[in-house]
Amino acid sequence: MQATVERHHLDRVRGLAKQLCGIHLDGSKDYLIRRRLNELMVDEKIDNLQDLLALAEAPYNRKIRERMVDALTTHETLFFRDKSPFDALTQHIIPKLYREAVGRPKLRIWSAACSTGQEPYSLAIACLESLPERSRWDIRIDASDVSVGTVEAAKRGRFQNFELSRGLSPQQQSRYFRREGSDYRIVDEVRGMVNFQVNNLLTSTPPGHDYDVILCRNVAIYFTPADRRRIYQKMASALRPQGYLFLGCSEVPTNVSDLFKTVPLGRATSYQRIG
């Protein structure tokens, strides 16, 4: 009987996760659900999963729902994670845009599912270090995530020392971060290059359009095949013609040959918008 009750509660969690942020948590994620929600319940002084669900399903309790999204979505990230897309940007895409520019060169990037900010800040640093005639460029980097708490953390741009050591050289740490107490804050030059917002990949409109590059890495695996197709369609419409989509190393899009063609850029695999 107890196992049946727990299964019912876990099914309610799965339904709520799908409703709130679109992610699909199958039975293989039960341990993850229990562990992450147990941590939330301890923090919020909630006795059991049934009470947590009652609070989350109440229409007035937005805070608990936001915290559940924070708990159930994955925020593992680091600076310059899987460096090949950044190399593709600096060694192939930026030089191409510079050669083809008529007037002032322009670069538009969307970091979808940006987590706590390491990816978009890495993109900004890569631009600062590689753009020819940097002062001439018109640059916009949009960054979004479904988690309110994660976006707020990314906006603050504060990181612990171990986070800086994961992907940044000592020279980059010294140049782009300033110590504040026990943390390190990213410098205003980099912070000012990134526009953060909360965005649900399934239900929200993209933060911009005519992007040259979209990074949506290690995200689509949490959606159903039908929802992945909808996300890829949305990203294709947000890219400019011949713009590039980068996915995670283990992600291979299926049923999208009408939207993208595979284009290798150095060691990176990109998906270029058709049309």
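For what it's worth, the UniProt record's numbering labels the leading residue of the sequence shown as 1, then goes sequentially.
Think of the CB as a built atom: it goes at the ideal place given N, C-alpha and C, for glycine as much as any other residue.
{"Item": "Cβ separation of Ala71 and Ile64, assumed to be a contact under 8 Å, to the nearest whole Å", "Value": "Incorrect: roughly 10 Å between the Cβ atoms, too far for contact."}
{"Item": "Pick from His9, Thr224, Ser237 and Gly266 that is closest to Thr254, judged by C-alpha positions", "Value": "Thr224"}
{"Item": "Gly167 vs Leu78 beta-carbon contact at 8 Å", "Value": "yes"}
{"Item": "Between the CA atoms of Tyr222 and Thr73 - distance to the nearest angstrom", "Value": "9 Å"}
{"Item": "Val263 (DSSP reduced to helix, strand or coil)", "Value": "strand"}
{"Item": "Asn255 - DSSP class collapsed to helix/strand/coil", "Value": "coil"}
{"Item": "DSSP beta-bridge partners of Lys106", "Value": "Asp138"}
{"Item": "C-beta contact flag for Val213 and Ile93 at 8 Å", "Value": "yes"}
{"Item": "Rounded straight-line distance, which links the Cα of Asn199 to that of residue 277", "Value": "What the structure shows of the chain is the stretch from 1 to 275, and residue 277 is not part of that stretch, so it cannot be assessed."}
{"Item": "Outcome for Ile274 when other beta-carbon atoms lying within 10 angstroms are tallied against a minimum of 16", "Value": "exposed"}
{"Item": "Rounded straight-line distance, which links the Cα of Arg35 to that of Leu10", "Value": "12 Å"}
{"Item": "Neighbourhood of Val69 by C-beta distance below 7 Å, restricted to the same chain and skipping five residues each side", "Value": "Leu20, Cys21, Val146 and Ser147"}
{"Item": "With 16 other Cβ atoms within 10 Å as the buried cut-off, status of Phe80", "Value": "buried"}
{"Item": "Under the three-state DSSP convention, the category Glu6 falls into", "Value": "helix"}
{"Item": "Length of the line joining the Cα atoms of Ile186 and His8", "Value": "45 Å"}
{"Item": "Pair within 8 Å by beta-carbon distance, Leu245 and Ser204", "Value": "no"}
{"Item": "Val194 burial status per 10 Å Cβ neighbour count (16 or more: buried)", "Value": "buried"}
{"Item": "Straight-line Cα distance separating Gln172 from Trp110", "Value": "22 Å"}
{"Item": "Enclosing beta strand (DSSP E) for Gln242 [first to last residue]", "Value": "Leu239 to Phe246"}
{"Item": "Local Cβ density within 10 Å of Leu32, reported as buried at 16 or more and exposed below that", "Value": "exposed"}
{"Item": "Cα-Cα separation between Leu164 and Val252, rounded to whole angstroms", "Value": "30 Å"}
{"Item": "Proximity of Gly117 and Gly149 at Cβ, strictly below 8 Å", "Value": "no"}
{"Item": "Residues near Arg267 by beta carbon distance below 6 Å, same chain, minus five either side", "Value": "Ser84"}
{"Item": "Backbone CA spacing between Arg67 and Lys96 [nearest angstrom]", "Value": "42 Å"}
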